[in-house]
Amino acid sequence: MSAPRLGLALGSGSARGWSHIGVIHALVERGLKPDVVTGASIGALVGAAYAGGTLEALEDWACTLTPRDVWRLVDTTFRGGGVMTGNRLMETIATYVGDPPIENLPIAFGAVATDLYTGEEIWIREGPVMSAVRASSGLPGLFTPTWYQDRWLVDGGVVNPLPVSMCRALGADVVIAVDLSRAVTRIAMRAQQAAKPESAPGPEASDEVTAILRKWAGLVDGLVESFRSKRSEPGLFEAMTGAVNIMQDRITRSRLAIDPADLVLRPDLADFQLMDFHRAREAIAVGRACVEHIAPELALVNAKLQSPA
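Counting along the sequence shown from 1, when you hit position 193 you're at 197 in our numbering, and nothing is skipped either side.
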């Protein structure tokens, strides 16, 4: 009789994904160390870092990011199926988390991606870590698709934003899932309040950041919701990311109904926007607080892990 294996499924969610780091730290501190980790999009990045033992290095780097650093990592392209190649970003991340083969990681890991032409859900279980992360993180319209294992792949969140099913397939008996999809009603309410014609950029938009955003205005209109223009109608990327959020929220609900996790964590990150990667400290704190507030539920998970499989 072997002890049950704990799995951790990390959802997609762009900058909100830094909260995964806080969740992992809080779980490990409570003796809940995942034996299996799966992820979609940024969930794949954080999951790979944990599985490879480089989570602290990723955290240290993320916490140093400024808005200017984020925009410097944006490598624009006018060819392909997105406005960013993502190469500069992935190369930078690789200097902190490395790029070992997935099959050599000390903890079982898998990333989910989507075949652009067939819609097939692709589980990546071998090959270089950063190639898997890049393939899983190709948000349609923002990042160009990735040619990987003879397929054009895009974001895993298109078909499975919270890969609980993959976690169980890799041997997890008990699964904790971290859902970063936002309630659509809350998104709509906050967007409507922020869309007043007289509204202006908030105090976080420094002169330097505003100048950078103006430079981008001809390419991507309204790329960051928190730096909205004075127009009342949504910009290009606000519409795109809003649609993605709605899609992923609906898909996540459906997938969890079919493949339920033993425990689902939902950090409150409704005010985090697509490119708020410079807010890592805040997101990590929210992830940690989410775990700290559910002691009774964690006790039930611990009880399941104490029972022989």
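Note that the Cβ used here is the ideal one computed from N, Cα and C, for glycine as well.
Using a Cβ-Cβ distance cut-off of 8 Å, the segment 21 to 40 and the segment 285 to 292 are in contact, since at least three pairs of beta carbons, one from each stretch, lie closer than that value.
TRP22 has its alpha-carbon roughly 27 Å from the corresponding atom of GLU124.
When the five nearest sequence neighbours on each side are left out, the beta carbons in the same chain lying within less than 7 Å of the beta carbon of LEU69 are those of PHE281, HIS282, ALA284, in order along the chain. At a Cβ-Cβ threshold of 7 Å, MET134 and ASP154 do not count as neighbours. With respect to the 7 Å criterion, VAL178 and PRO8 are classified as neighbours on the basis of their beta carbons. GLY175 is classed as exposed because its beta carbon has fewer than 16 other beta carbons within 10 Å across all chains shown.
Rounded to whole angstroms, the gap between the alpha carbons of PHE113 and GLY161 is 17 Å. Between MET244 and GLY142, the CB-CB gap reaches or exceeds 7 Å. Closest option to ILE298, judged by alpha-carbon separation, among ARG34, SER6, LEU12: ARG34. DSSP places ILE46 in the uninterrupted alpha helix (DSSP H) bounded by 46 to 55. Contact check for ARG186 against ALA274 passes: the beta carbons are separated by less than 7 Å.
With respect to LEU269, VAL168 sits apart: the two C-beta atoms are not nearer than 7 Å. In the displayed model, LEU120 falls within coil according to three-state DSSP, outside both helix and strand. Under DSSP, VAL182 shares a beta bridge with LEU14, LEU269. Remark: C-beta atoms of SER18 and LEU278 approach each other more closely than 7 Å. Here ILE46 is buried. Its C-beta has 16 or more other C-beta atoms within 10 Å. Pairing TRP156 with ASP73, the inter-Cα distance amounts to about 29 Å. DSSP, read as helix, strand or coil, puts GLY26 in helix. Per DSSP, VAL158 is not a residue of any alpha helix (DSSP H); the beta strand (DSSP E) it occupies stretches across 155 to 159. For the 7 Å CB-CB criterion, SER6 and ALA44 do not form a contact.
Here VAL101 is near ALA53, since their CB atoms are less than 7 Å apart.
In this structure PRO110 is in contact with GLY57, their Cβ atoms being roughly 7 Å apart against a cut-off of 8 Å.
When the alpha-carbon of ILE180 is set against those of ALA98, ASP266, ALA139, the nearest one is in ASP266. PHE147 is bridged by DSSP to MET88.
Around the C-beta of ILE262, fewer than 16 other C-beta atoms lie within 10 Å, and the residue is accordingly described as exposed.
In this structure, ILE128 places its C-beta atom within 7 Å of the C-beta atom of ALA115.
Contact annotation, SER140 with ALA48: C-beta distance approximately 4 Å; criterion of less than 8 Å satisfied. Residues of the same chain with a CB within less than 6 Å of the CB of ARG20, apart from the 5 flanking positions on each side, are LEU184, LEU273, PHE276 in chain order. Under a 10 Å Cβ-count criterion, ASP64 is classified as exposed, with fewer than 16 other Cβ atoms of the shown protein chains found around its own Cβ.
Listed in chain order, the non-local C-beta contacts of VAL137 below 8 Å within the same chain comprise ALA48, LEU49, ALA52, MET94, ILE97, ALA115, local neighbours out to five positions each way being set aside.
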